[in-house]
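For the first sequence, position 538 (counting from the first letter as 1) is numbered 557 according to my numbering, and the numbering increases by one without interruption. In this text, a Cβ means the ideal position worked out from N, Cα and C, and glycines have one as well.
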Amino acid sequence: MTGRLTNREVISLLEKIAILLEIKGENRFKIIAYKRAAENIASLGIELDQLREEELRDIPGIGEAIAAKIHEFLETGKLEYYEKLTAEIPESLLSLAELPEMGPKRVRSVWADLGITNLQSLEEAARKGLLRHLEGFGPRLEDKLLSGIEKTREKKISGRIPLGKAWEVAHDLLAALGKHEKVLKISPAGSLRRMQETIGDIDLLVASSEPSSVMTFVASLPQVEDTILQGKTKTSVRLKSGLQVDVRVMDPSSWGTALQYFTGNQEHNVQIREWALKRGFSLSEYSLGNVSTGEELFFNNEDSLYVFLDLVYIPPELRQGRDEIELASKGKLPDLVVMDDIKGDLQCHTQWSDGRNSLGDMVKGAMKRGLEYLLITDHSHALGIAGGVSSADLENQGKEIDELNASLKGSFRVLKGVEVEVLSDGILDLDEKVLKNLDLVVAAVHSSLRQDRERITERILRVLDNPFVDILAHPTGRLLSNREGADADWERVFAKAAEKDVLMEINASPKRLDLPDRLARRALEKGCRFVISTDAHATDQMDFMHLGVGIARRAGLSSSEIANCWSLERLMEWKKTRLSS
DNA sequence: GCCGTTTTCGGCCCGACTGTTTTCAGTCG
């Protein structure tokens with residue numbers, strides 16, 4: 020056995036195989052199979068190295084051949100098939116395939132005809148004007164490739180951005196577009212609408228009978244750097260921030276099919292179109308065509324389209340190309356939590372530690388957002404960087420909270436809490452006699468996240484065994500596109516959390532989104548219950564709640580499983596029974 | 001290479017846009 024391999028490494032291997040096979044010119048369905056397998060692993064809530072080879076085959080899209088390859092790779096750290104493949108097709112061609120406009124055919128072409136195997140030699144050939152002589156190439160493409168190479172070097176082609184950031188950008192664009200008089204309807208689409216944790220580009224769908232006018236307007240917006248492409252119904256622009264925005268304009272009569280198509284994901288769309296075909300209908304973004312009669316059916320909303328196809332409406336967050344169509348056909352989709360279900364926020368910070376606003380302001384912020392209760396959870400003192408509170412501070416804060424509650428006369432309830440630091444051995448930073456006086460206790464790991472799996476797992480399990488801990492904050496500790504989460508054995512963590520009824524947090528901070536949806540789904544399967552918390556360090560950050568709700572919906576969570584959807588009475592009753600058990 | 005409410009073999013979504021063409025291939029989603 021070599022060092023452990025993560026799912027990420029298996030996904031990367033399968034993706035590389037797919038691209039190499041494309042360059043090789045293999046059967047395209049074989050290529051799709053590798054890509055599908057990689058995608059399905061990406062949304063898996065369990066580490067592959069915890070599964071036996073037979074169990075790998077239970078993952079959709081993974082059959083005998085790919086299971087055997089994954090198994091070999093996990094066991095030996097190598098894959099003979101891959102080594103043979105790269106002996107035939109140079110691995111360095113993968114870097115060419117990452118360039119915009121360079122797909123497998125063109126990569127093969129420059130390699131086979133000009134012997135080009137890396138970015139430098141491609142750039143040289145383009146500068147010398149050698150590429151334009153290849154079949155299907157020309158001067159325009161040569162220019163595009165050169166600028167693509169340059170942008171890649173300058174890292175100007177932005178990678179995926181966090182969901183929260185994408186919503187900020189989209190919000191402005193939607194507002195601007197909404198003012199255009201020819202815009203009849205407008206909606207976010209794509210991964211943004213599906214609330215995926217990171218977003219590659221922003222997709223917007225517009226209904227209008229004058230597409231060209233709308234698209235010209237889009238290209239003229241002040242945030243736009245340049246127009247990547249513009250056709251009759253579709254335009255893509257790059258913003259000054261580097262982010263790409265795709266706008267598709269459709270006739271309002273096609274709104275239902277168009278929004279369905281443009282929301283995806285790709286795999287869900289493939290499945291829904293196959294599902295429609297089995298029923299004799301061909302689905303496109305324009306309409307649903309009856310294959311035998313040629314009759315076209317139009318849907319002005321998504322709901323009626325799904326219902327026509329003998330399904331119930333599938334919320335965008337569940338359109339992941341998993342088992343959602345099968346569940347929808349049986350009416351077994353979960354009843355997903357919605358923003359209106361949220362009654363309180365169970366993690367926030369004030370000026371008592373590293374928050375920007377006073378306790379009173381945070382309470383006002385929560386009331387303004389229609390909440391009924393707010394748990395104050397300043398950091399405990401071990402987290403020096405955050406100016407954490409001592410037990411004496413907590414006592415004084417408690418008095419402030421009592422006074423606030425007295426003045427609020429029951430219209431809102433401020434709850435006493437803390438985000439208590441978990442030390443490296445799993446011991447808490449505050450005494451039990453302090454913790455037991457609080458309404459709810461949130462425990463969090465902020466340090467030594469890089470401990471090996473056994474050690475960090477034992478550490479978290481010890482926290483879950485502590486009878487005073489009610490909530491485990493941001494369980495993995497990851498920071499999106501910045502820091503990987505802890506490598507804990509989540510199967511054991513979730514089993515223990517379910518046993519002890521410690522609530523798993525879905526932290527809605529755009530930097531975190533933790534638990535991630537794939538792990539939250541797994542936790543749900545293990546019987547866990549949850550909270551969705553903003554972790555607000557200022558009043559405006561209380562608006563992060565919708566991001567957390569999006570992640571929860573992707574995980575298939577209902578309000579009954581989320582403690583801050585409960586009434587205050589039920590929440591406090593729950594706490595009481597925990598203390599007495 | 002995967003998969004099964006037409007199938008264990010023969011299928012495996014559908015269209016926009018660009019640059020190269022002179023009717024289309026390649027890329028992208």
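- Query: What's the gap between the Cα of L39 and the Cα of A462?
  - Reply: What you label residue 39 is simply residue 20 of the first sequence in a count that begins at 1. What you label residue 462 is simply residue 443 of the first sequence in a count that begins at 1. Going by the C-alpha atoms only, they are around 46 angstroms apart.
- Item | Close beta carbons around V519, own chain, < 6 angstroms, minus the five adjacent residues each side | Taking the first sequence and counting its residues from 1, one reaches residue 519 at position 500. According to the sequence as given, residue 519 is Lys; it is not Val. Scanning its chain for C-beta atoms nearer than 6 angstroms, with the 5 sequence neighbours on each side dropped, one finds around K519 the residues L483, in chain order.
- Beta-bridge pairing of K204 - partner residues as DSSP gives them: Translated into positions along the first sequence, residue 204 becomes position 185. For K204, which the question treats as bridged, DSSP gives the partners A226.
- Message: For the pair the segment 500-512 and the segment 457-471, tell me if three or more CB-CB distances fall below 8 angstroms.
- Response: yes
- Item | CA-to-CA distance, I291 to R338, given in whole angstroms | One-based indexing of the first sequence puts residue 338 at position 319. One-based indexing of the first sequence puts residue 291 at position 272. Approximately 10 angstroms between the Cα atoms of the pair.
- Nearest-angstrom beta carbon gap, W186 and L223 [assumed within contact, 8 angstroms]: Within the first sequence, numbered from 1, the residue matching residue 223 stands at position 204. Within the first sequence, numbered from 1, the residue matching residue 186 stands at position 167. Not confirmed; about 12 angstroms, so no contact.
- With distances taken from CA atoms, which of I570, A295 and P181 is nearest N309? Here residue 309 refers to the residue found at position 290 when the first sequence is read from its first residue. Here the closest residue by C-alpha is A295.
- Looking at the structure shown, is V268 part of a helix, part of a strand, or coil, going by DSSP? Within the first sequence, the letter at position 249 stands for residue 268. In the structure shown, V268 falls within a strand segment according to DSSP collapsed to helix, strand and coil.
- Contact check, V129 vs L192, beta carbons under 8 angstroms: For the purposes of this step, residue 129 is identified with residue 110 of the first sequence, where counting begins at 1. For the purposes of this step, residue 192 is identified with residue 173 of the first sequence, where counting begins at 1. Cβ atoms of V129 and L192: not closer than 8 angstroms.
- Query: So what does DSSP say about Q290, is it helix, strand or coil?
  - Reply: For this step, residue 290 is matched to residue 271 along the first sequence. Helix at Q290.
- Any idea which residues DSSP pairs Q300 with across the strands? Numbered from 1 along the first sequence, position 281 holds the residue referred to as residue 300. Note that residue 300 is Phe in the sequence shown here, rather than Gln. Per DSSP, N309.
- Query: Is the beta carbon of D590 sitting closer than 8 angstroms to the one on F549?
  - Reply: Along the first sequence, one-based indexing puts residue 590 at 571. Along the first sequence, one-based indexing puts residue 549 at 530. Sequence inspection shows Leu at residue 590; the Asp mentioned does not correspond to that position. No.
- L378 - partner residues in DSSP beta bridges: By one-based count along the first sequence, residue 378 stands at place 359. Partner(s): none; L378 has no beta bridge.
- Nearest-angstrom beta carbon gap, R388 and L587 [assumed within contact, 8 angstroms]: Locating residue 587 in the first sequence gives position 568, counting from the first residue. Locating residue 388 in the first sequence gives position 369, counting from the first residue. That pair is no contact at about 16 angstroms.
- Task: Compare the C-alpha of L307 against each of V289, N284, A106 and S273 and name the closest.
- Result: If you number the first sequence from 1, residue 307 lands on position 288. The option with the nearest alpha carbon to L307 is S273.
- Query: Measuring CB to CB, does V2 end up less than 8 angstroms from V188?
  - Reply: The question about residue 2 has no answer, for the chain in this structure spans 20 to 600.
- Task: Note down, one range per segment and in chain order, each alpha helix (DSSP H) of at least 4 residues found wholly within the segment 318-347.
- Result: 321-327
- Message: For the alpha helix (DSSP H) containing N526, name the first residue and the last one.
- Response: Residue numbering aside, residue 526 sits at position 507 when the first sequence is read from its first letter. That residue, N526, is in no alpha helix (DSSP H); its beta strand (DSSP E) goes L522 to N526.
- Query: Is K435 helix, strand or coil when you go by DSSP?
  - Reply: One-based indexing of the first sequence puts residue 435 at position 416. Strand, per DSSP.
- Could you tell me the boundaries of the beta strand (DSSP E) in which D245 lies? The residue given as residue 245 occupies position 226 in the first sequence. Element bounds for D245: V243 to Q249.
- Under the three-state DSSP convention, the category F563 falls into: Counting from one through the first sequence, the residue named residue 563 turns up at place 544. It is helical.
- Integer-rounded CB distance, given that L538 should sit under 8 angstroms from W509: Stepping through the first sequence from its first residue, residue 509 is reached at position 490. Stepping through the first sequence from its first residue, residue 538 is reached at position 519. That pair is a contact at about 6 angstroms.
- Alpha carbon to alpha carbon, what distance is there between D554 and N583? Reading the first sequence from its first residue, position 564 is the one you call residue 583. Reading the first sequence from its first residue, position 535 is the one you call residue 554. Answer to the nearest angstrom: the Cα atoms are 13 angstroms apart.
- Message: Does the segment 154-168 come into contact with the segment 54-70, if we say contact requires no fewer than three beta-carbon pairs (one atom in each stretch) closer than 8 angstroms?
- Response: no
- Query: Assuming I218 and L182 make a contact with CB atoms under 8 angstroms, what is their CB distance in whole Å?
  - Reply: Residue 218 sits at position 199 when you count from the first residue of the first sequence. Residue 182 sits at position 163 when you count from the first residue of the first sequence. Their Cβ separation, rounded to whole angstroms, is 6 angstroms, which keeps I218 and L182 in contact under 8 angstroms.
- Message: What residue range does the beta strand (DSSP E) around I479 cover?
- Response: On the first sequence, position 460 is the one that residue 479 refers to. Element bounds for I479: not the beta strand (DSSP E) but the alpha helix (DSSP H), R472 to D484.
- Query: Does the count of Cβ pairs from the segment 556-565 and the segment 378-392 closer than 8 angstroms reach three?
  - Reply: Per the Cβ contact rule, the segment 556-565 is in contact with the segment 378-392 (3 or more Cβ pairs under 8 angstroms).
- Specify, as a first and last residue, the run of the alpha helix (DSSP H) that K253 falls within. In the first sequence, the residue the question calls residue 253 occupies position 234. First-last for K253: K253 to L258, but that is the beta strand (DSSP E), not the alpha helix (DSSP H).
- Task: Pick out whichever of Y332, L355 and P230 has its Cα sitting closest to the Cα of D322.
- Result: As a working note, residue 322 is residue 303 in the first sequence. Cα-wise, what sits closest to D322 is Y332.
- Specify the secondary structure class of E510 as computed by DSSP and reduced to three states. Residue 510 sits at position 491 when you count from the first residue of the first sequence. Helix at E510.
- Residue environment, K595, which counts as buried when at least 16 other CB atoms sit within 10 Å: For the purposes of this step, residue 595 is taken as residue 576 along the first sequence, with counting starting at 1. Exposed, since its Cβ has fewer than 16 Cβ neighbours within 10 Å.
- Message: Between G80, D533 and V464, which has its C-alpha nearest T476's C-alpha?
- Response: Mapped onto the first sequence, residue 476 falls at position 457. Comparing Cα-Cα distances from T476 to each of G80, D533 and V464, the minimum goes to V464.
- In or out: T254 buried (at least 16 other Cβ within 10 Å) or exposed? For this step, residue 254 is matched to residue 235 along the first sequence. T254 comes out buried.
- Query: Any idea what DSSP makes of A557, helix, strand or coil?
  - Reply: Locating residue 557 in the first sequence gives position 538, where the first residue counts as 1. Residue state, collapsed to three classes: coil.
- Give every residue of the same chain whose Cβ lies closer than 7 angstroms to the Cβ of R23, excluding the five residues on either side of it in the sequence, and list them in chain order. Residue 23 sits at position 4 when you count from the first residue of the first sequence. Result list for R23: D68, in chain order.
- Residue nearest to A116 in terms of C-alpha spacing, selected from K204, G350, I42 and E99: Taking the first sequence and counting its residues from 1, one reaches residue 116 at position 97. Answer by Cα proximity: I42.
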